[in-house]
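Student:
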Amino acid sequence: MFWFELLIIFLLIFFGARVGDVFMGLLGGVGVAIFVFLFRVQPASPPVDVMLIILAVVLAASALQSSGGLNFLVRVAEKMLHKSPKNVTIIAPVISWLFTFLSGTGHVVYSLLPIINKLAIDSGIRPERPISNSIIASQQAITCSPVSAATAAMLGLMAPFGVELGTILTIAIPSTLLGVIVSALLTIRKGKELADDPEYLRRLAEGLMDEGLTAQAAPEEKKDSSGVPKGAKAAVLLFLLGVVSIVVLGLFPELRPSWTADGTTTVLSMAHTIEIVMLVCASLIIIFCRPAIETILNGSIFRAGALAMVCAFGLAWMSSTFIGGQTEFIQEHVASIVNSQPWMLAVIMFIVAALTTSQGATTLIMIPIAIALDLPTYIIVGAWMAVNANFFLPVSAQCLAAISFDTAGTTKIGKYVLNHSFMAPGMINIVISVVTATLLGSILT
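Quick note: the sequence shown uses the working numbering, first residue 31, plus one each step.
1) Mark alanine 235 as exposed unless 16 or more other C-beta atoms lie within 10 angstroms of its C-beta, in which case mark it buried.
2) Going by DSSP in three states, serine 288 sits in which element: helix, strand or coil?
3) Need the endpoints of the alpha helix (DSSP H) that valine 124 sits in, please.
4) Between the Cα of isoleucine 316 and those of Ala202, Gly134, Ala90, spot the shortest distance and give me the residue it belongs to.
5) Classify threonine 437 as helix, strand or coil using the three-state DSSP reduction.
6) Closest by CA to alanine 336, which one among Ile378, Ser370, Gly390?
7) Give me the residue from Ser75, Trp414, Ile161 with the minimum Cα distance to lysine 442.
8) Would you mind stating whether alanine 86 and glutamate 324 have Cβ atoms separated by less than 8 Å?
9) Where does histidine 112 land, buried or exposed, given buried means 16+ other C-beta within 10 angstroms?
10) Do alanine 171 and glycine 354 have their CB atoms nearer than 8 Å?
11) Should lysine 408 be labelled buried (16 or more other beta-carbon atoms within 10 Å of its own) or exposed?
12) Can you find the residues in the same chain that come closer than 7 Å, C-beta to C-beta, to alanine 467, ignoring five residues on each side of it along the sequence?
13) To the nearest angstrom, report how far apart valine 210 and leucine 298 are at their CA atoms.
14) What is the DSSP secondary structure of leucine 448, reduced to helix, strand or coil?
15) For alanine 214, count neighbouring Cβ atoms within 10 angstroms of its own Cβ and tell me buried if that reaches 16, exposed if not.
16) For threonine 295, which residues does DSSP report across the bridge?
17) Measure the C-alpha to C-alpha separation of phenylalanine 69 and isoleucine 125 and round it to an integer number of angstroms.
18) How is leucine 423 classed by DSSP in three states: helix, strand or coil?
19) Who are the near neighbours of phenylalanine 318 in its chain, counting only those whose CB is closer than 6 Å to its CB and skipping five residues on each side?
20) So for proline 176, helix, strand or coil by DSSP?
21) Any chance you could list the alpha helix (DSSP H) runs of at least 4 consecutive residues sitting entirely within the region 318–406, in chain order?
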């Protein structure tokens with residue numbers, strides 16, 4: 031029965047991934063219905079804490095976006111890139127990683143792509159190199175950002191087992207950043223040089239390059255002439271103060287309030303800490319920066335966050351219900367297999383992430399299973415780095431956007447589909463981050 035129920039989960043994931051968007055979360059509810067009404071499994075509790083963390087973080091990030099804070103960060107990135115255009119292949123991915131780490135969303139990289147593309151071409155560098163690495167870097171940072179939906183889900187699921195935010199960040203930050211840097215260095219000569227690339231030469235000969243560069247440069251000129259939106263700098267400052275507060279309170283639990291009743295001391299949980307800090311942060315941005323209030327719930331960040339909440343509601347509930355009904359079987363049979371071959375967990379997470387193209391959804395599906403297997407913390411956190419596999423099948427929005435922004439035509443999907451521009455930097459990042467996080471975790475936990 032265990033394997034049959036597991037097959038049902040994978041079929042639902044596969045079908046949901048093909049349709050995509052909110053349907054994947056809704057199918058999680060279908061999975062719960064199958065387990066409860068067909069197999070008579072007692073339903074687990076919905077992941078309320080995870081959903082509330084995501085909601086609070088998304089509200090703060092949406093307020094930042096509405097106030098022009100993300101646009102201001104993009105202008106800062108543009109200035110940083112222009113200081114050393116010849117090293118764009120290394121600098122661009124690191125900046126992309128940093129901006130996702132600070133904002134909690136990989137969407138910020140879209141605004142950087144036209145700048146990266148233009149700087150690469152002007153410097154005679156194949157745009158595929160910095161663009162593909164920047165896309166991967168922006169996704170890698172999702173699993174180490176204290177304000178991303180995936181990290182919120184990970185914390186909400188692992189906190190009851192003593193894994194705090196500080197532990198996750200201490201392992202994930204150096205692991206993902208090392209993967210980004212190593213990948214950029216190893217792919218710095220990837221592909222033909224721009225001057226020898228036939229597609230670039232064809233576009234150049236047909237006059238397509240001039241049109242492409244003009245089209246991409248226009249938003250930059252408009253942005254520069256318009257100046258920094260009023261309140262944008264203050265919004266960024268307030269948001270970063272919120273991020274820093276969360277990190278500090280996560281690293282130093284003694285700073286959080288505590289209460290004693292009947293001889294038992296209870297410390298404010300990290301889940302509630304994040305919720306409180308982010309709600310306060312969003313409120314302060316609205317009070318002092320005065321964004322158009324109606325745009326907060328209409329922006330791309332809130333929509334992505336709402337999708338993450340739906341996935342948390344359906345997928346995590348389905349996974350937890352499945353685990354609850356098969357706890358005994360898992361402990362007696364499956365746990366011994368994965369404990370003897372712990373690398374299998376990372377491989378399975380990679381496969382699920384490639385199908386769902388979502389770090390948050392994969393976290394919500396796989397972490398409850400990993401917890402039920404009673405695996406060591408360092409194995410779970412190390413394998414969690416493999417959820418950044420949405421590049422494997424080049425159908426994600428990030429990959430498609432990168433291809434369209436490369437006006438030289440060097441970033442592309444290959445003849446055999448899987449030999450695309452993102453495969454090499456993506457696999458390098460995954461391997462480096464998984465191995466590094468596992469080693470760090472074995473020392474720190």
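By construction, the Cβ of each residue, glycine as well, lies at the ideal position given by its N, Cα and C atoms.
Tutor: Based on what the coordinates show:
1) exposed
2) strand
3) 118–133
4) Ala90
5) coil
6) Gly390
7) Ile161
8) no
9) exposed
10) no
11) Per the sequence shown, residue 408 should be read as tyrosine rather than lysine. That one is buried.
12) Ile201, Ala202, Ser205, Val411, Gly412, Met415
13) 35 Å
14) coil
15) buried
16) Thr290
17) 49 Å
18) coil
19) Ala264
20) coil
21) 330–341, 347–355, 365–370, 373–386, 389–402
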